[in-house]
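These protein sequence lines map, in sequence, to chains A and B. So in the working numbering, spot 142 of the first sequence is number 152, and the numbers just go up one at a time. So in the working numbering, spot 91 of the second sequence is number 101, and the numbers just go up one at a time. Note that the Cβ used here is the ideal one computed from N, Cα and C, for glycine as well. Given the structure is predicted, the values throughout are model-derived calculations rather than measurements.
Number of protein chains: 2
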Amino acid sequence: MISSAQLANKCAVNAAQVRKDLAYFGEFGIRGVGYHVKDLLHDIKKILGLNKEWRMAVIGIGNLGSALLSYKDFLKQNYKIVAAFDINPPNVIGRVSEKLGKPVEVLHINRMKEVAKERKIEIGIIATPPEAAQNVVDLLVEAEVRGILNFAPTHVAVPEGVMVKDVFFTTVLDNLAYLLSNM
Amino acid sequence: MISSAQLANKCAVNAAQVRKDLAYFGEFGIRGVGYHVKDLLHDIKKILGLNKEWRMAVIGIGNLGSALLSYKDFLKQNYKIVAAFDINPPNVIGRVSEKLGKPVEVLHINRMKEVAKERKIEIGIIATPPEAAQNVVDLLVEAEVRGILNFAPTHVAVPEGVMVKDVFFTTVLDNLAYLLSNM
Chain A
11 MISSAQLANK CAVNAAQVRK DLAYFGEFGI RGVGYHVKDL LHDIKKILGL
61 NKEWRMAVIG IGNLGSALLS YKDFLKQNYK IVAAFDINPP NVIGRVSEKL
111 GKPVEVLHIN RMKEVAKERK IEIGIIATPP EAAQNVVDLL VEAEVRGILN
161 FAPTHVAVPE GVMVKDVFFT TVLDNLAYLL SNM
Chain B
11 MISSAQLANK CAVNAAQVRK DLAYFGEFGI RGVGYHVKDL LHDIKKILGL
61 NKEWRMAVIG IGNLGSALLS YKDFLKQNYK IVAAFDINPP NVIGRVSEKL
111 GKPVEVLHIN RMKEVAKERK IEIGIIATPP EAAQNVVDLL VEAEVRGILN
161 FAPTHVAVPE GVMVKDVFFT TVLDNLAYLL SNM
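Right, dumping it as structure tokens:
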């Protein structure tokens, strides 16, 4: 068992906040006693969408794409790269991610629709140059991929029902620059 | 000139919020008229710490570090990579970033302190494996670098007066997974 006070301590917030946040999602724990750790963990994972494996494709296998293919923390957390795509077959098709143990064959991007269906891809990670990003998004949308993680430094348009999260390195730097300027 | 209503429209917020947000930092614009665009831009840049060039070093020149060395948007926004470091001289020292036009020589990490001072490095970008990150942070701190952008998937400890921003790819994916699970 764990109490809201213990949880609060671990998260550096207060116990009332822990109880309030959990209450937002339903009823948890036993008043005056606390929470079953195992049950709570299961429930929180479910709330967060982390109770399942997410099958992902990386598109654009340059330096960044290669770094993503060998990003070990993905696997630790149930994020599984099941496909890699690039526009430029002669250079990269067949290149593999050795660090992950299991090699990922890089396929031509024109196989997106077929492969996305076959391998049940739910998240597409865009690591292409910015000028290629919208085209890749359109291919992903056509392949019914609903989640997009966009590393290309440009905003992309998607239809309703598709979620995009941008990772713009300059945005994080802007944040750091602001903090450094106001210390 | 631009009015708070026009600004609000561009930012997809309301005009009162624009005025309130700006008021937080001082007095801006002319009541009933609006803001001088050029002055406002200058003031906002200053508030955000974007009115200057930020001199940065990338540490760890694997795939991710190489991707950062050729990330074009840094330069567009006054973020300048002035040094690159790695622990493994035979493989990478002297490797250059061709895409940025101007090559960056990769130096051995033991030159950090000397080079950081010489080149006035203010931000260190960590692109090493997680097990090396704390060591690199300690070197940066010793070299009086006050800002750290940490791409290594691990938390690092810094003394007071040093700011760290983590970029954990799994954290962004967690966010996306949550959104996709609750659509």
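Can you give the Cα-Cα distance for I136(A) and G70(A), rounded to whole angstroms?
7 Å
* Asked: Under a CB-based cut-off of 8 Å, is G59(B) close to chain A?
  -> yes
Between the CA atoms of N24(B) and Q27(A) - distance to the nearest angstrom: 30 Å
Item to check | Same chain only: Cβ atoms within 8 Å of M11(B), ignoring 5 sequence neighbours per side | outcome: V43, G44, Y45, H46, V47
- Would you mind giving the Cβ-Cβ distance between L117(A) and Y89(B), rounded to the nearest angstrom? I have them listed as a contact below 8 Å. Going by Cβ atoms, the distance from L117(A) to Y89(B) rounds to 34 Å, so no, they are not a contact pair.
Closer than 8 Å, CB to CB, is P163(B) near chain A or not?
-> yes
Cβ of F84(B) within 8 Å of any chain A Cβ:
yes
**Asked** Which two residues bound the contiguous beta strand (DSSP E) that contains V147(B)?
**Response** First-last for V147(B): 140-152, but that is the alpha helix (DSSP H), not the beta strand (DSSP E).
- Looking only at C-alpha atoms, which of A162(B), M173(B), L150(B), F161(B) sits nearest to A93(B)? L150(B)
Any C-beta of chain B sitting closer than 8 Å to the C-beta of V155(A)?
no
Contact set between the stretch 109-142 of chain A and chain B, restricted to residues whose Cβ is under 9 Å from the partner
E132, I133, I135, A137, P139, P140
Under a three-way DSSP split, which group does N61(A) fall into?
coil
Q. K175(A) touches chain B at which residues, Cβ-Cβ below 7 Å?
A. V182, N185, L186
### Query
Would you say L59(B) and Y188(A) are within 8 Å of each other, going by their C-beta atoms?
Residue identity check: residue 59(B) is Gly in the sequence provided, not Leu. Their beta carbons are under 8 Å apart, which means G59(B) touches Y188(A) by this criterion.
Rounded to whole angstroms, what is the Cα-Cα separation between R41(A) and R29(A)? 10 Å
Check: Could you give the residue range of the beta strand (DSSP E) that holds F35(B)?
Finding: Here F35(B) belongs to no beta strand (DSSP E), and DSSP marks it neither H nor E.
Give the range of the alpha helix (DSSP H) segment to which M122(B) is assigned. 122-128
Margin query: Does the stretch 158-165 of chain A come into contact with the stretch 126-142 of chain A, if we say contact requires no fewer than three beta-carbon pairs (one atom in each stretch) closer than 8 Å?
Written below: yes
(message) Based on DSSP bridge pairs, tell me the residues matched to K175(B).
(response) L159(B)
Exercise for the section: Would you give the residue range spanned by the alpha helix (DSSP H) that A77(B) belongs to? Expected result: A77(B) -> alpha helix (DSSP H) spans 73-79.
Y231(A) at chain B interface by Cβ criterion, 8 Å
With chain A covering only 11 through 193, there is no way to say anything about residue 231(A).
Limits of the alpha helix (DSSP H) - the one that A15(A) falls within: 14-21
When E154(B), T180(B), P140(B), I131(B) are compared against E215(B), the one with the closest alpha-carbon: Outside the modelled stretch of chain B, which goes from 11 to 193, sits residue 215(B), for which no answer is possible.
Any beta-carbon of chain B closer than 8 Å to the one on N19(A)?
-> no
inquiry  = Please tell me whether K175(B) and L186(A) are closer than 8 Å, where the distance is taken between their beta carbons.
reply    = Yes, Cβ-Cβ distance for K175(B) and L186(A) is below 8 Å.
Contacting residues, own chain, Cβ-Cβ under 7 Å from E152(B) (five flanking each side not counted):
K123
Original post:
Looking only at its own chain, which residues have a Cβ that is under 6 Å from the Cβ of T164(B), when we skip the five neighbours before and after it?
Top reply: P140, A143
I want to see whether chain B comes within less than 8 Å of N98(A), judged by CB atoms only; does it? Answer no: the Cβ-Cβ gap between N98(A) and chain B never drops below 8 Å.
Buried versus exposed, by CB contacts within 10 Å (16 or more), D49(B):
exposed
To the nearest angstrom, how far is the alpha carbon of F155(A) from that of S191(B)?
The residue you asked about is not Phe; residue 155(A) is Val in the sequence shown. The alpha-carbon atoms of V155(A) and S191(B) are separated by roughly 14 Å.
- Item | Start-to-end residues for the beta strand (DSSP E) that takes in H118(B) | 116-118
- request: Could you check what DSSP says for I135(A) in three-state terms: helix, strand or coil?
  value: I135(A) sits in a strand when the DSSP states are folded into three classes.
**Item:** Short CB-CB distance (under 8 Å) between A167(A) and chain B
**Value:** no
Between the alpha carbons of S13(A) and C21(A), how many angstroms are there, rounded? 13 Å
**Asked** Hey, does Y81(B) have any beta-carbon neighbour from chain A nearer than 8 Å?
**Response** Yes, Y81(B) counts as interfacial toward chain A.
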